[in-house]
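Protein chains in written order, with the numbering used here: chain F, 746 to 1583; chain X, 3 to 165.
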C-alpha cells in the first residue's frame, strides 16, 4: 500500500493496482441516435428558415422579385445540407463515445472524445427521472432518459434508448431513488406508447382536450394578440392597404403559432399522476405499495414524462384569466428549484413549471394539496391595501391583497389575469421593502418575498408604510421559525435513519462523531425520551433536566458533583468493544499527571438493553458552551490554555508501541509507518464520500495525492493523539489566573498513536466550527499563536491537517451539509486564512 | 431616514467616504466619454455641429445631476449584521431595504476592480437561490469586506438550511 502513488482509485479500493482495467460491461445508446439527432437539427433549421423567410416577407412585402426564390433555395439547401451532415457526424461521434452503466451498484455515464468525462451519480441523490420522446425518436420507438440530481448539477441525458428499456430503467432508478430494494431486471409494467402511463399509475388530474382547447381560446395571452391581429386585418382591409400591415402581422402570427405549440400541442393529454408501486412491479398487495411522488405526462407530438420533486417546490402561482372566471377554471404554475435553468421556458421538449394548464377548483385543490399539504390556503385572511393606491394602480388597485397563515404567505393581484402567489415561509430567500418617489408621496411601499427563479413572484404591492414594515419584519420571523422547524424535522428524520441497526457507517469510520454534532447537544436525540429512559435515569437519581450534553453516540447526565451517567444510544456490539477499550486506556492513565483531568470510567453495565457507564465528572464547564458567552479577552486566555493542553496530551502513556489505532472496531492494530496509519484512518470515510467528492471537486485526486505526499514527508515518532481536539471535548475552569483548561475528555475511535502535532492542529482547525460569531477570527488568532510558539513549520502542518480532516469528515455529506461544506473548503484551501493573515 | 427604512434596533453601518470620490471620478469621466464619441462622429461626418452641442449639453446635465446626488446616494447606503439576518438599505429616489437570512446565503463574493482598488474599496455581494435578492454593498474598505465575507460565510454555514 503506497501513499505517494495514491490515485483516486485508491480511495475506494486501496488493494487494486492503479489503472487496472474496468471489467464491467458498459453499453451504448441505441444506434439510431445519430440519425435522429441530425433529423432534429434538420427540422430546427427548416423551422428557423421558414420564420426568417416569413419575416423577410413581412419587411419587403409580397414581391416575388425581391425574394429571388431560385437562388435562395439552392444556396440555403446547400447550407442546410452541410449543417445536417455535420450534425450527423457529430451525433455519430458522440454516440460512439457515450457509454453507460446502470446496475445494482452504480449509475455512471461516460462521454467525450478527447476529454473523457465520467459522471457517477448516487441513487439516493436522484431528484427526478424524466423520459422525453421527440416526435422523430417516438416514430422509431426511442426515448431520451434524463436524470437530475442537485439543484446545481447539470442533468445526465441518455439519448436515445429503446422505449421499453428507458421505461424499465426509470422504474428501477425511481425505486432506488426512494431507497427501495430493486434490481434492473425486475418485472415492470409496460408503459403506453401514447401516454407513457402504466396500469399502476393513478391519474390524479387529467386535462381533457376539450377543456385544454377551450381554456386556451379564452385565455388572455391568446385573446389579446389574436384580437389585435384581427383588428389590424379589418382596418387595413377596409382601407385597402393590407399589404402594408403584413410586416406587423407576421411576427404576431409567428408568436401566436409558438403559443399554440407551447400551450396546446405541448400540453396535450396533460396528466398528473401519483406513481404508486409495490415491491415487484405493482403486483404485490396494496399494503406494500409506496408513493414515488407526482409525475406529469404531456404532449401530442413530443411526449414528455417528468417527475415533480415536491420537496423542491419553492412556491405556487394560481392564476385565472378574466374569461375563465365564469367557468371556474384555473392555471397552476410552480417554482421548482433548478428547473427554470433551461432558458427555453415551457418548451415542449423540456421540463415545465406548469403543474396544471387548465383545471377546475376541485382539481386545483387536489394538486395543490399534494404539493403544499395542510396549507389551508382558503383559511388565509387577506388584507386590502389603502384606497390611495388607486393613484398608482388605477387599473387594478381593488384586486391587490396580501395575507399569511402559519405555513405560507399569499399575495393577490390583477383582474384581467387574476393571480395568487403562494410562498411557504420556509422557502423565503430574502425580504425586500421597496419604495419609489410617488409611493413615498402617498406613504405606500411594496414588500417583495424573493423566491428561487421561476414564475412565482410574490409581491405585496402598495401597502401602507407601517403595514409594509410590519409585514417584512414579521415575515422574517416566520421564515426563520419555519426554517428551524424544517431543520429539526430533518434532524429527527436523520436520527431515525441513524438509529436503525446496519444503517451505520462501516470500517474505520465507525463512531465518527463530527465535532459539530457535539455542539448540537441532545436536541436531536436518537432514542426518544421514553418512559424506560426516564425510569433508568430515576434509578440513578438523575433526570432529563440534568443533561450535560451529548454527541452522536451517547448522552451524559449528572448524577452528583463527582459522577455522571453516560447513556449510549445504540445497542451496538462494537460499542461494547469501544467502551471496554476506552476503559482500559483510561485506567492506564491513573496516576499520570499532565496537569489535566482525564476521563475515568467507574462502571460499565447495561440495563433494559441499554449500555451505560458511570464516569468521573469533570470539574470545569464545557468549553464549547462557555465560549459562546465569554468576552474576547477571556476567550483568548482560555484558548491559549486550550492550545497548551492539546500540546500536553502527547505525554499520555499509550498501551501500544508504534503507530497504531487504539480504539474502535479495527483497534488494536499496529501500522508499519505513519503514512499507513493515516491512510487507514482516511480509508473508511472516503470510501463513502468518494463519489460525492469526485463530483464536487474535479481535482480531488490531485488533492489526495498532495496530502499523501505531504504526509510522507512527516518525520515523527509516535505519541498519543486525541484525534478530535475540539472545544466540546474540553473543560474550562474559572481560576483566579483567568479561565484555564483543566480537563480533556471524550477520547474515541479517533484516538490513535500518531503525530502529536495533529491535536494542536485540531485545536486550531475545529475552533472554526464553533457556532459563536468570532470563531473564525479566534481560530486564525490561535493559529498565529501556535506559529509564535513552535515556529513557522507548524502552520504548514496545520494546513496539511486541514486537508486531512477535510477528507476524514467528508462522509458528513449525508448527515451534516454544513460540516461537509467546511470539509470542501479545507480541501480546496491553498493558503488557509489562519496563515495568510499572519 | 424615515421609519420604514430604519434598521431594527441597531445603527446602520456606513460605507467608506472614498466611495464618493470614486463616484465623482466615474461621473466626471464616463458621461463625457460616452456622449463625445457620437457627438464627434456626427459633427465630423455631417458637419451638423449643433447636434454635437446638444449631445454635450445632455452630457453636462447628466453629470451635474449625478454630482449633486452623489452625496445623498453615498449617505443612503447602510448595512446591519443582526443575529439571524443581514440588512442592506440604499437608494435615493427608489429606496430599498433588503433582509437576507444568513441561512439562505449560498455565496458571498468580494470584488474589487482596478478603479475600486485605486480608491481602496471593495464590493461585497451575497447570492441566494433567488436572482431578485440583489444584496450588494459597495464601497467597503478591503479589510472590512474580508471581515464581512468571513463572518457571513461562517454564519451562513452555522445556519445553513436546505432549499
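All residues carry an ideal CB built from backbone N, CA and C; glycine is no exception.
Near-chain X residues of the region 1518 to 1529 of chain F - C-beta to any C-beta below 9 Å: 1518, 1519, 1520, 1521, 1522, 1525
Using three-state DSSP, classify residue 1461/F as helix, strand or coil. coil
Three-way DSSP call (helix, strand, coil) for residue 1063/F in this model: strand
When the cut-off is 8 Å and only beta carbons count, does residue 1563/F lie next to chain X? yes
Where does residue 32/X sit, in a helix, a strand or coil, going by DSSP? helix
If contact is defined by three or more beta carbon pairs under 8 Å, each pair taking one atom from either stretch, is the region 1497 to 1506 of chain F in contact with the region 1461 to 1479 of chain F? yes
Inter-residue Cα distance where the pair is residue 1336/F and residue 1472/F: 25 Å
Roughly how many whole angstroms lie between the Cα atoms of residue 1542/F and residue 76/X? 45 Å
Using a Cβ cut-off of 8 Å (strictly closer), state whether residue 1078/F contacts chain X. no
Where are the alpha helix (DSSP H) runs, 4 residues long or more, that stay fully inside the region 1277 to 1337 of chain F, in chain order? 1318 to 1333
Between residue 148/X and residue 112/X, which are expected to be in contact by the criterion C-beta below 8 Å, what is the C-beta distance as a whole number of angstroms? 7 Å
Could you check the C-alpha separation between residue 887/F and residue 921/F for me, to the nearest Å? 23 Å
Strictly under 8 Å for the Cβ-Cβ distance: is residue 1268/F near chain X by that measure? Annotation note: pLDDT 34 at residue 1268/F (below 50); position unreliable, coordinate value reported separately. With 8 Å as the cut-off, residue 1268/F does not count as an interface residue toward chain X.
Using beta-carbon positions only, say whether residue 142/X and residue 102/X come within less than 8 Å of one another. no
Does the distance from the C-beta atom of residue 1332/F to that of residue 1347/F stay below 8 Å? no
Based on the DSSP output, what are the partners of residue 1416/F in its beta bridges? 1404/F
Drop a sphere of 10 angstroms on the beta-carbon of residue 1139/F, count the other beta-carbons inside from all chains shown, and report buried for 16 or more, exposed for fewer. exposed
Let's see if you can read the secondary structure: which residues bound the alpha helix (DSSP H) around residue 1520/F? 1520 to 1535
Taking the runs of the alpha helix (DSSP H) that are 4 residues or longer, which of them lie wholly in the region 1429 to 1460 of chain F? 1445 to 1458
Hey, could you find the ends of the beta strand (DSSP E) residue 87/X is sitting in? 87 to 92
Inter-residue Cα distance where the pair is residue 792/F and residue 871/F: 35 Å
Does the beta carbon of residue 32/X come closer than 8 Å to any beta carbon on chain F? no
Does residue 1598/F come out as helix, strand or coil in the three-state DSSP assignment? The structure shown does not extend to residue 1598/F, since chain F is modelled only from 746 to 1583, so the question has no answer here.
Can you tell which of 1208/F, 1019/F, 838/F has its C-alpha closest to the C-alpha of residue 1187/F? 1208/F
Residue interval of the alpha helix (DSSP H) (run including residue 1150/F): It is not in any alpha helix (DSSP H) - residue 1150/F carries neither H nor E in the DSSP assignment.
Check each residue of the region 4 to 15 of chain X: if its Cβ is closer than 8 Å to any Cβ of chain F, include it; give the result in chain order. 4, 5, 6, 7, 10
Go ahead and pull the three-state DSSP assignment for residue 1345/F. coil
Neighbourhood of residue 1327/F by C-beta, 7 Å cutoff - its chain only, sequence neighbours within 5 removed: 1346, 1408, 1492
Please list, in chain order, all residues of the same chain as residue 852/F whose beta carbon is under 6 Å from its beta carbon, the five residues on each side excluded. 866
When burial is assigned at 16 or more other CB atoms within 10 Å of the CB, is residue 60/X buried or exposed? exposed
Reduced DSSP secondary structure (H/G/I, E/B, other) of residue 1164/F: strand
Thinking C-beta only, is residue 1308/F closer than 8 Å to residue 1362/F? yes
Out of 150/X, 130/X, 99/X, which has the shortest C-alpha to C-alpha gap to residue 124/X? 150/X
Interface positions of the region 120 to 147 of chain X facing chain F (Cβ-Cβ less than 9 Å), listed along the chain: 128, 130, 131, 132, 133, 134, 135, 136, 137
Residues from the region 1158 to 1184 of chain F in contact with chain X, defined by Cβ distance under 7 Å: 1174, 1175, 1176, 1177, 1178, 1179, 1180, 1181, 1182
Relative to the alpha-carbon of residue 849/F, which residue among 1564/F, 914/F, 1452/F, 1050/F has its alpha-carbon at the smallest distance? 914/F
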